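For what it's worth, the numbering used here labels the leading residue of the sequence shown as 90, then goes sequentially.
What follows is one structure encoded as structure tokens, with my remarks underneath.
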Amino acid sequence: MHMRGLSGECFDLPGGYALGWGPITWLLMSEVLPLVARGVASGLCVTVSWLTAFVLTQAFTHLVDGYGLYLPYLCFTVVCVLCLLFSAVCVPETRGRSLEEIENYFRTGRTFSIGRSLSTAQ
90 MHMRGLSGEC
100 FDLPGGYALG
110 WGPITWLLMS
120 EVLPLVARGV
130 ASGLCVTVSW
140 LTAFVLTQAF
150 THLVDGYGLY
160 LPYLCFTVVC
170 VLCLLFSAVC
180 VPETRGRSLE
190 EIENYFRTGR
200 TFSIGRSLST
210 AQ
């Protein structure tokens, strides 16, 4: 493999992850986990995040060795599209909401029940 291709590959994947879906886990943890379980749940989320990063790194190298770059990037593209759909459908907008409102939303499975005044809605 050409040296630029290898070095570009080494920087493109972590850079793309760091600018894309990587921070989403940390953002959702801080906004949607209930205060009562935040410590334990955050620890579990971080463990899953690191294990997933390890598995993806191992899988990527094996897939590149076996199939070239096409298959790994196709798999990552499919996963990114599924994550985008999940975020658009399942993750509520939390801008301007209190932690109590967000916790109530996930506890009841309904829309936000606390009305907002016009000054906070803008």
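Think of the CB as a built atom: it goes at the ideal place given N, C-alpha and C, for glycine as much as any other residue.
Fair warning: this is a prediction, and the values are worked out from it, not measured in the lab.
- The C-beta distance from leucine 140 to alanine 130 rounds to 16 Å, too long to meet the 8 Å contact threshold.
- DSSP places arginine 127 in the uninterrupted alpha helix (DSSP H) bounded by 127 to 156.
- The criterion of a C-beta distance shorter than 8 Å is satisfied by phenylalanine 149 and proline 161.
- Within the same chain, and ignoring the five residues on either side of cysteine 164 in sequence, the residues whose Cβ sits closer than 8 Å to its Cβ are Leu152.
- In terms of Cβ geometry, leucine 188 and leucine 133 do not form a close pair [threshold 8 Å].
- In the structure shown, serine 187 falls within a coil segment according to DSSP collapsed to helix, strand and coil.
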